[in-house]
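Using the working numbering, the letters of the sequence shown correspond one by one to residues 1 to 241.
So the structure is just underneath, and the comments pick up after that.
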Amino acid sequence: MDTQHILRIRWDIPFTSWPVDRGRAFQKYRWRLFTRFTLPSLQRQRVPWQVWLWADPMLRALHEELPLYDPRVRFVYDLDHAARSTGEGQAARSFVIGRIDSDDMLAPETLELVGQSRDNDEARPLLQLFSGCAYDERRNRLSPWSNPSPAFVFRPTKGAELAGGFPSLGGKHSHVHAESVHLTTPAPAFCVVLHRRNLSNTPQAEYAKGRLSQRLDSDARARFGLPKRSSLLRRLVHAWP
């Protein structure tokens with residue numbers, strides 16, 4: 001039986017330092033990014049997957065306004081309950097539990113690559129992707145992404161473990177880094193979308209510096225489904241204050 005990949009996306013569960021209005025405008029903005037970038041990249045994956053949008057049950061009425069047109073995507077309000085429901089009766093089945101954001105993209109081969117990794121063990125139960133790029137939506141620009149502990153984390157497991165509740169994905173970035181096997185690839189395995197309302201990945205993000213080579217740029221645009229590189233005239237217009 002094929003390995004099932006479950007991607008947990010923190011939708012509107014607040015961080016302690018997240019003073020954000022999570023109302024209708026926030027939901028629609030987040031949904032636009034998810035359906036424009038993240039979901040199409042997942043629909044290009046070569047292995048079975050599903051997405052759990054981890055959400056605040058108090059905002060369920062707002063979630064019901066968002067059109068869930070892919071049956072592999074659903075809102076989840078209790079991760080432990082969802083994990084137990086999935087794992088029960090599938091004790092021997094292999095799963096990979098992953099964590100990405102609702103404005104991130106994965107290359108078409110990424111989940112397959114993660115599922116094939118056999119390097120993790122009890123001391124390092126997690127897999128962490130380290131090869132990525134960043135996309136500035138407004139400028140249509142790709143940059144290398146260099147973060148000491150990227151947020152792309154995966155945990156291979158079995159249905160028997162899921163039946164006990166949602167497994168840990170490492171918590172703080174420092175813990176994740178120490179508990180992970182670090183996966184690097186020749187081409188970017190993920191792409192972070194830079195946009196004006198991202199908490200940390202704004203277009204001025206310190207982790208997105210420089211430019212990709214023309215070859216890597218063209219390859220990444222094709223693999224992530226991004227628009228072709230802007231002409232010189234368009235880049236000058238976007239750069240004009």
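C-beta atoms are modelled at their ideal positions from N, C-alpha and C, and glycine is treated no differently.
Note that this is a predicted model, so its numbers are computed, not measured.
Alpha carbon to alpha carbon, how far is residue i from residue j?
{"i": "R229", "j": "Y135", "result": "11 Å"}
{"i": "L199", "j": "P57", "result": "Low local confidence applies: a pLDDT of 45 at L199 is under 50, so the model's placement there is unreliable, with the coordinate-based value given in what follows. Going from the Cα of L199 to the Cα of P57 covers about 22 Å."}
{"i": "G321", "j": "S149", "result": "No answer is possible for residue 321: the residues shown for the chain start at 1 and end at 241."}
{"i": "H238", "j": "F166", "result": "In this prediction, H238 has a pLDDT of 49, which is less than 50 and means its spatial position is unreliable; nothing more can be read from the coordinates."}
{"i": "P14", "j": "L59", "result": "12 Å"}
{"i": "L62", "j": "V193", "result": "24 Å"}
{"i": "Y29", "j": "R141", "result": "21 Å"}
{"i": "R32", "j": "F152", "result": "21 Å"}
When you compare the CB positions of residue i and residue j, do they come within less than 8 Å of one another, or not?
{"i": "F190", "j": "L129", "result": "yes"}
{"i": "S143", "j": "L212", "result": "yes"}
{"i": "V47", "j": "T3", "result": "yes"}
{"i": "L126", "j": "L183", "result": "no"}
{"i": "V76", "j": "W49", "result": "no"}
{"i": "P188", "j": "S102", "result": "no"}
{"i": "I97", "j": "L106", "result": "no"}
{"i": "P108", "j": "R223", "result": "yes"}
{"i": "K158", "j": "R93", "result": "yes"}
Who pairs with residue i in a beta bridge, going by DSSP?
{"i": "Y135", "result": "L142, V193"}
{"i": "F154", "result": "G98, L127"}
{"i": "R10", "result": "W54"}
{"i": "L183", "result": "L129"}
{"i": "H5", "result": "W49, V96"}
{"i": "L106", "result": "F190"}
Please classify residue i: is it buried, with 16 or more other beta-carbons within 10 angstroms of its beta-carbon, or exposed?
{"i": "P40", "result": "exposed"}
{"i": "A160", "result": "exposed"}
{"i": "V20", "result": "exposed"}
{"i": "F34", "result": "buried"}
{"i": "F95", "result": "buried"}
Contact criterion: CB-CB distance below 8 Å. Does residue i meet it with respect to chain B?
{"i": "D219", "result": "Absent here is chain B; the protein component of the structure consists of one chain."}
Are there any heavy atoms of the ligand ZN lying less than 7 Å away from the beta-carbon of residue i, as far as the coordinates show?
{"i": "A222", "result": "Questions concerning the ligand ZN fall outside what the structure shown contains, since it holds no ligand whatsoever."}
Residue ranges of each beta strand (DSSP E) within the region 33-103, 3 or longer: 49-54, 73-76, 94-100
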